[in-house]
Amino acid sequence: MDFQSLTVTELKQGYQYRSQEAVYVCNYCQQTFETGRVYQFAEEMFLGKQAVEWHISEEHGGNFLQLLSNESKYNTLTDKQKQLLSAFQSGKKDAQIAEEMNVSHSTIRHQKFSFREKAKQAKLYLAIYENAFLGHLQEEIIPIHNGATMVDERYFMTIEEREQIINENFESLHPLKLKRLPKKEKKKIAILSRIIKEFVTGRTYGENEIKEILVGIYDDYVTIRRYLIDYGYMNRTPDGKAYWVND
């Protein structure tokens, strides 16, 4: 999921609306639902917005579950906090939650208060951030992708920096053809961020498909494939038979 491009509202509802295409798009699998079109699921009829909401509920277990179980670096909730939030979301009474978790009623009330305070802090921070940066950025910093490993200064670069690195090291962008693979880590990340765009998020690739795509980009496809995994741009099954893009 691309946290950089989604608004808070789109994250909360689990889908986005693309007005130019007149479609609703699921955040989790990118399936689209046309405005005004009637969809039939389980003998029930739904229009576009209703259809994407039904889809998220039935196919993904609901938006709350997807957000709560998200494994990106942005989800800093502990297992205990996730358990509590799940209980609150279910509509259970505080007394019932306390009994199930073997804690006092006052402990549950305190936890609920703590969550509210964190939400207030987050709102204030977001307001301050948007006032400080949005519309005033001189150099736009490229967001760090969700699967990034060992995040440090290597990942911090502007759009201009990345474009310069790409132009220096690719002999062609259409089709994509890499001249050299630099040794500097920051340059590798810029190059990998361009190569990963040749793959479709949400699709699973076989080992031969990965080879076919990467060989066309760079002769030493094995090294590129390893870096895509090591730097968290892609993931694969333990036997190396299936690959997919980390969203």
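In our numbering, the protein residues as written are 105 to 351. Here a beta-carbon is modelled for each residue, glycine too, at the ideal position from N, C-alpha and C. Given the structure is predicted, the values throughout are model-derived calculations rather than measurements.
The secondary-structure analysis by DSSP pairs LYS281 across a beta bridge with SER276.
GLU163 has its alpha-carbon roughly 29 angstroms from the corresponding atom of PHE219. Secondary structure remark: continuous alpha helix (DSSP H) runs of at least 4 residues inside the segment 119-192, in chain order: 152-163 and 167-172. By the neighbour-count criterion, in which 16 or more other beta carbons inside 10 Å mark a residue as buried, GLU267 falls on the exposed side. Assignment of beta-bridge partners to VAL349 by DSSP yields MET338. Per DSSP, reduced to three states, the secondary structure at THR262 is strand.
Exposed is the label assigned to GLN144, since fewer than 16 other Cβ atoms lie within 10 Å of its Cβ. Looking at the backbone, the Cα of GLU316 and that of ASN339 are separated by about 17 angstroms. In the structure shown, the three-state DSSP call for TYR233 is helix. Look at TYR325 here: in three-state DSSP terms it is helix. Going by DSSP, ARG298 is part of the alpha helix (DSSP H) stretching over 289-299.
A contact between stretches requires three or more CB pairs, one per stretch, nearer than 8 angstroms, and the segment 173-187 fails this requirement with the segment 138-158. Shown here for THR139: same chain residues with a beta carbon closer than 6 angstroms to its own, the five before and five after excluded, namely ALA126 and GLY152 in chain order.
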